[in-house]
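**Student:** Dropping a structure here in structure tokens format, bear with me for questions.
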Amino acid sequence: MLKVSDGRPSYLVVNADESEPGTYKDRDIMRHDPHKLLEGCLIAGVGIVLAQLTSIFEESM
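Under the working numbering, the first residue of the sequence shown is numbered 34, with each subsequent residue one higher.
Set out below in structure tokens:
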């Protein structure tokens with residue numbers, strides 16, 4: 034069931050920086066199946082009546 038909008042904008046922030054030492058879980062998804070990340074953002078965006086999506090990616094990716 035979709036959320037009823039109360040008029041305020043909803044935001045989704047995707048942090049794919051992986052700045053913690055030894056974390057590489059998101060890198061494999063973004064390198065080998067980036068559409069999975071985008072599809073997840075779209076599904077979440079529909080559920081929260083998304084107004085804006087912000088993504089943060091590490092420069093070396």
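In this text, a Cβ means the ideal position worked out from N, Cα and C, and glycines have one as well.
These numbers were taken from a predicted model, which means no experiment stands behind them.
Quick check on the DSSP output: what are the complete alpha helix (DSSP H) runs of length 4 or more inside the stretch 47–74, in order along the chain?
**Tutor:** With a minimum length of 4 residues, the continuous alpha helix (DSSP H) runs that stay inside the stretch 47–74 are 58–65.
**Student:** Quick check on this structure: which residue in Ile81, Arg60 and Leu71 has the alpha carbon closest to the alpha carbon of glycine 41?
**Tutor:** The sequence shown places arginine at residue 41, rather than the glycine named in the question. For arginine 41, the nearest C-alpha among the options comes from Ile81.
**Student:** Might you give, ordered along the chain, the residues of its own chain that have their beta carbon closer than 7 Å to the beta carbon of valine 70, omitting 5 neighbours on each side?
**Tutor:** The sequence given here has leucine at residue 70, not valine. Cβ within range, chain order: Ile62 and Met63.
**Student:** Flag this pair as yes or no: are the beta carbons of tyrosine 57 and glutamate 51 separated by less than 8 Å?
**Tutor:** yes
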